[in-house]
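Residue numbers (UniProt numbering): 1 to 646.
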């Protein structure tokens, strides 16, 4: 973009209909401008009535040498003198009659229009094609299109490209009106006849160098799906028309030719075409050229384009310029951009300003941005306003927001409305919410509809939902599809679902792949899966790796695993550390572990603490297993007998 970064070009939006153009004979070649887009004439033309004076509005300014009032008085004097001269010549000069008519029309006085029409008619009938063109413009402005068509036709046949363009454009408009009024299925003859004539005259004008005619032909061929649009757009673009260059850029994008598209967008944007600047910036952003993209987005934003301002805000946010991002989001939001309003709401929410966040979310929702309604629902839910949350979730859900439909279904499920919850989970799934698909699967599974649940979970798992992959693994494992279950478990395990890693480890262990099983047990254990930690510890202990085994058993025991406490106690006993074992045996015995209670009985007897031994016999008898309970009962009977004997 280079030197264009600071350029503020002319607004290049899709142009409004071309304003009616009057033709006139110039007073001198240096005072006239050729038909739209051409340079000032240096010499008198071969056909002077082809010229059109295009006087742009320029605000008057006070200068150091005079006042505005004095300049206006001089202009009035010159204008009056010019009118006098035209009136003297009008009766014998068609060119003077044409010029006088234009002066009268510029005054915009009601009585002047009738006189101007008569002057133009006399000049046109005398063979002045500029007057015929201008009379057509006047008739068109008065709503007399049949008369306009007649005079433009006369001028066009005399070689006026402006008249040819005006006549062609009018005929295309009439063709569209004929088709609309005839209705679907009606005879298309009138449409084809009028559009055919319109194309003929537009082609005539375009081939004579009328740039706007070439653009209009391109538009017609593009809209009707006929070949030739690109050729006419190219002719207009190469003549300097930015809208035509923009259309060529769009056509390049539609056939995935980004290089050609960017070339045309650059040409149009360099002429100030705002939409082209946005498209060019978007292409640059996709290509990773953020700095250039920011420059073109900024150009569009400074010209008042909401999309450019919004996109500029997001790029500035990514670059760390939050203040700049917020400023441009506000510009876009004030212009009615819902996405920018939603971004502002999220920013205020991150600052803890709920009231400002809600204000912008509401503006986003009012602009049709359903993310705004969804975020308002989340805001109300955060403040425990269930009715407000449901109202906004429902609004966003009806607009097709999948996550809002899922959130609404969750609220309905919580209050026991399972049937409506099922409907909204289904809508969420249809709108692409993977959480909605997963939750719908859960509801189907609760109802015993495993096949329906599988469809939902399969869809969600394919979209990357790890819990859906886990559910698919459990379902396939129950069916005996070990290979399918293992694939699903591995997908979920790699997404940090410890239960999936544990189930995969268990399947591998059952298949004899102990080394692979231990690897997945370790993954699950490191993520806090207690049973996996226990199994890792057992595998380590079997290899004589007591330190890592003790670490795993301790993690399990401290998480409440009775087996973990028992195994840790056994490691201490293996090393003759009764004192270290006893606290863990106590934990296990209190958790209902009969063997741990029996070991405590033995330890108590060794140190001669008969009361403690009798105390632990009870849990050993109560919790077993059978051989442990029988032995503990015999010890309890002996202890009681000894107690009675003493």
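C-beta atoms are modelled at their ideal positions from N, C-alpha and C, and glycine is treated no differently.
Measure the beta-carbon distance from residue i to residue j and round it to whole angstroms, keeping in mind my assumption that it falls under 8 Å.
i: residue 434; j: residue 452; result: Contact flag wrong, Cβ pair sits at about 17 Å.
i: residue 197; j: residue 171; result: 5 Å
i: residue 443; j: residue 425; result: 6 Å
i: residue 615; j: residue 592; result: Incorrect: roughly 15 Å between the Cβ atoms, too far for contact.
i: residue 245; j: residue 276; result: 7 Å
i: residue 398; j: residue 376; result: Not confirmed; about 14 Å, so no contact.
i: residue 611; j: residue 588; result: About 21 Å separates the two Cβ atoms, so there is no contact after all.
i: residue 304; j: residue 316; result: With a Cβ gap of about 18 Å, residue 304 and residue 316 do not count as contacting.
i: residue 251; j: residue 230; result: 6 Å
Please return the same chain residues whose Cβ sits closer than 7 Å to the Cβ of residue i, not counting the five positions on each side in sequence.
i: residue 458; result: 472
i: residue 394; result: 408
i: residue 559; result: 530
i: residue 578; result: 603
i: residue 115; result: 104
i: residue 430; result: none
i: residue 298; result: 312
i: residue 490; result: 504
i: residue 153; result: 167
Helix, strand or coil: how does DSSP classify residue i here?
i: residue 91; result: coil
i: residue 637; result: helix
i: residue 449; result: coil
i: residue 138; result: helix
i: residue 437; result: helix
i: residue 351; result: coil
i: residue 332; result: helix
i: residue 283; result: helix
i: residue 168; result: helix
i: residue 526; result: helix
i: residue 270; result: helix
i: residue 289; result: coil
i: residue 262; result: helix
i: residue 242; result: helix
i: residue 659; result: No answer is possible for residue 659: the residues shown for the chain start at 1 and end at 646.
i: residue 572; result: helix
i: residue 505; result: helix
i: residue 192; result: helix
i: residue 125; result: helix
i: residue 323; result: helix
i: residue 560; result: coil
Alpha helix (DSSP H) containing residue i: first to last residue?
i: residue 535; result: 530–542
i: residue 579; result: 578–590
i: residue 463; result: Careful: residue 463 lies outside any alpha helix (DSSP H) and carries neither H nor E.
i: residue 615; result: 610–623
i: residue 306; result: 306–318
i: residue 208; result: Per DSSP, residue 208 belongs to no alpha helix (DSSP H) and is neither H nor E.
i: residue 432; result: It is not in any alpha helix (DSSP H) - residue 432 carries neither H nor E in the DSSP assignment.
i: residue 146; result: 145–157
i: residue 227; result: Run containing residue 227: none; DSSP gives neither H nor E here.
i: residue 394; result: 386–398
i: residue 380; result: 370–382
i: residue 495; result: Note, residue 495: premise wrong, no alpha helix (DSSP H); not H, not E.
i: residue 595; result: 594–606
i: residue 480; result: Here residue 480 belongs to no alpha helix (DSSP H), and DSSP marks it neither H nor E.
i: residue 403; result: 402–414
Apart from the five residues on each side of it in sequence, which residues of its chain come closer than 6 Å, Cβ to Cβ, to residue i?
i: residue 515; result: none
i: residue 213; result: 165, 202, 205, 206
i: residue 343; result: 329
i: residue 120; result: 101, 131, 134, 135
i: residue 469; result: 461, 488, 491, 492
i: residue 463; result: 434
Tell me whether residue i is buried or exposed, calling it buried when 16 or more other Cβ atoms sit within 10 Å of its Cβ.
i: residue 227; result: exposed
i: residue 602; result: exposed
i: residue 638; result: exposed
i: residue 322; result: exposed
i: residue 531; result: buried
i: residue 312; result: buried
i: residue 419; result: exposed
i: residue 368; result: exposed
i: residue 710; result: This structure gives no information on residue 710, because the portion of the chain shown stretches from 1 to 646.
i: residue 146; result: exposed
i: residue 482; result: exposed
Taking 7 Å as the line, does the beta carbon of residue i fall inside it for any heavy atom of the ligand FAD?
i: residue 335; result: Inclusion of the ligand FAD in the displayed structure is not the case, the ligand content being empty and no account of it being possible.
For residue i, which residues of its own chain have a beta-carbon under 8 Å away from its beta-carbon, when the five flanking residues on both sides are left out?
i: residue 574; result: 546
i: residue 629; result: 594, 620, 621, 622, 623
i: residue 438; result: 456, 457, 460, 465, 467, 468, 471
i: residue 406; result: 424, 425, 428, 433, 435, 436, 439
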